[in-house]
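Q: FYI, in my numbering the residues of the sequence shown are 3 to 263. One structure coming up, written as structure tokens, with questions to follow.
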Amino acid sequence: MRCLRKRKELAALKIWAHRGCSYAYPENTLQAFEAACRYPITGIELDIQLSKDGKIVVIHDEKVDRTTKASGRVLDFTLEELKQLKIESHPDMEGVTQYAQIPTIEEVFELVKPHCLKQGMLINIELKNSVVRYEGMEELILETVNEWGIQDYIIYSSFNQESIKMLKKKEPSVKTGILAASASDCLAFSEANPVDALHPCIKNLDVENLGEKTGLPVRAWNIRKYEPFYPDGGEVEMQDLDGLERIGVTDIFTNVPERYL
Ligand code: G3P
Ligand code: CA
């Protein structure tokens with residue numbers, strides 16, 4: 003009884019798997035997303051880029067160097083070529099080969115859609131179009147999501163403000179989140195533009211009474227120094243969920259959702 007009561011009193015802050023369960027498994031892979039779907043979390047976060055032949059692939063960096071055994075820009079590889087690239091996979095994953103692949107967005111939707119429909123799992127798609135301006139990325143992802151019939155489970159985010167504006171303009175019913183290094187930058191954008199959530203860095207929550215000032219969901223994300231990725235491992239700085247909630251944060255993106263549940 004006491005235990006149950008205690009759980010209820012604790013933060014209702016929502017937990018998202020950032021690039022999947024990316025501390026335990028390679029980030030932005032089907033392994034990491036599959037692991038995330040085993041937990042009662044609010045959603046998964048992922049990053050998209052476009053291949054040379056215009057396919058949506060799920061990878062964080064503009065280059066493949068950090069996460070695969072190859073090197074070069076994502077946009078210089080066709081999808082077929084990207085699929086050949088090897089990502090060191092988790093040795094304990096049953097039934098998988100030694101290497102994971104860069105997934106397409108369709109492969110992720112195929113894996114996660116049943117969890118969206120069954121338990122309301124959300125997918126935050128971050129459009130990585132600030133460094134490389136992938137022309138047509140907005141139309142393509144909107145179209146793909148519509149084809150899969152999972153519009154209700156998608157939140158689009160980007161550091162590229164024009165991209166967020168464009169998504170809302172093309173399809174006003176979509177849910178968006180503005181990404182920025184600080185809460186004040188997110189807030190400033192939200193005061194001047196239609197947007198559904200603030201996505202600031204957890205280390206720059208520089209607005210007093212943030213919750214009252216915005217009234218929107220505030221989903222905070224962390225940086226690698228405090229939450230490493232697989233296979234690096236190392237110490238993880240755990241967050242004070244109650245403290246974050248008190249200042250207006252409603253959700254966190256974390257590489258270690260399993261540790262908060
Ligand atoms: O969407 C939150 C977070 O993922 C933004 O930063 O660099 O991890 O994509 P990054
Ligand atoms: Ca991201």
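Heads up, the beta-carbon is just placed ideally off N, CA and C, and yes, glycines get one too.
Locate the beta strand (DSSP E) running through R248, then write down its first and last residues.
A: Unbroken run through R248 is the alpha helix (DSSP H), L243 to R248; no beta strand (DSSP E).
Q: Would you say the segment 244–254 touches the segment 208–217, given that touching needs at least three Cβ pairs under 8 Å?
A: Result yes; three or more Cβ-Cβ pairs closer than 8 Å.
Q: Any idea what DSSP makes of I17, helix, strand or coil?
A: Of the three classes helix, strand and coil, the one that applies to I17 here is strand, per DSSP.
Q: To the nearest angstrom, how far is it from the Cα of N206 to the Cα of Q163?
A: Cα-Cα distance, rounded: 19 Å.
Q: When you compare the CB positions of Q51 and K130, do they come within less than 7 Å of one another, or not?
A: Yes, they are a contact pair.
Q: May I ask which residues mark the beginning and end of the beta strand (DSSP E) holding F255?
A: Where F255 is concerned, the enclosing beta strand (DSSP E) stretches over D253 to T256.
Q: Run through DSSP, which three-state label would L12 get?
A: Its pLDDT being 47, under 50, L12 is placed unreliably by the model, and the measurement read from it follows with that caveat. If DSSP states are grouped into helix, strand and coil, L12 belongs with coil.
Q: Going by C-alpha distance, which of E145, S165 and E149 is nearest Y136?
A: That would be S165, whose Cα lies nearest to the Cα of Y136.
Q: Just checking, does the segment 192–202 make contact with the segment 231–249 on the three C-beta pairs under 8 Å criterion?
A: Taking 8 Å as the limit for Cβ pairs, the verdict is that the segment 231–249 does not touch the segment 192–202.
Q: Near ligand 2, which residues have their beta-carbon closer than 6 Å to a heavy atom?
A: Going by the Cβ distance cut-off, the answer is E47, D49 and E128.
Q: According to DSSP, what are the bridge partners of C203?
A: W223.
Q: For W223, verify whether its CB is less than 6 Å away from any heavy atom of ligand 1.
A: Checking the Cβ of W223 against ligand 1 gives yes.
Q: Taking the straight line between their C-alpha atoms, what separation do you get for V134 and P105?
A: Going by the C-alpha atoms only, they are around 19 Å apart.
Q: Ignore the nearest five residues each way along the sequence and tell me which others in F111's own chain have a CB closer than 6 Å to its CB.
A: Same-chain partners within the cutoff: W150.
Q: When you measure from the CB of F255 to every non-hydrogen atom of ligand 1, does any distance come out below 6 Å?
A: Yes, Cβ of F255 sits closer than 6 Å to a heavy atom of ligand 1.
Q: For N126, tell me which candidate among F191, L181 and R226 has the shortest Cα-Cα distance.
A: When each option's Cα is compared against that of N126, the closest is L181.
Q: With 16 other CB atoms within 10 Å as the buried threshold, where does A37 fall?
A: That one is buried.
Q: What would DSSP say about L6, mapped onto helix, strand or coil?
A: Caution applies to L6, whose pLDDT of 38 falls short of 50 and renders its modelled position unreliable; the value that the coordinates give is listed next. Correct three-state label for L6: helix.
Q: When the Cα of I204 is compared with those of L169, R226, G217 and T216, which residue comes out closest?
A: Considering only alpha carbons, the answer is R226.
Q: If we ignore side chains and look at the alpha-carbon of each, how far apart do I58 and H92 end up?
A: Each residue's alpha carbon lies about 24 Å from the other.
Q: Less than 8 Å between the CB atoms is what I'm expecting for L306 and T216, so what's the real figure, rounded?
A: Because the chain here runs from 3 to 263, residue 306 falls outside it and cannot be looked at.
Q: Assuming I89 and T70 form a contact by the criterion Cβ under 8 Å, report the distance between their Cβ atoms to the nearest whole angstrom.
A: With 8 Å as the limit, I89 and T70 qualify as a contact, their Cβ atoms being about 5 Å apart.
Q: CB-CB under 6 Å to L263, same chain, minus the five flanking residues each way: which ones, in chain order?
A: Excluding sequence neighbours, L263 sits near Y41.
Q: Looking at the structure shown, is T70 part of a helix, part of a strand, or coil, going by DSSP?
A: In the structure shown, T70 sits in coil (DSSP, three-state: anything other than H, G, I, E or B).
Q: Mind checking which residues open and close the beta strand (DSSP E) that includes N211?
A: From DSSP, N211 is part of no beta strand (DSSP E); its letter is neither H nor E.
Q: Buried or exposed: where does A14 fall if 16 or more other Cβ atoms within 10 Å of its Cβ makes it buried?
A: Its Cβ having fewer than 16 others within 10 Å, A14 is exposed.
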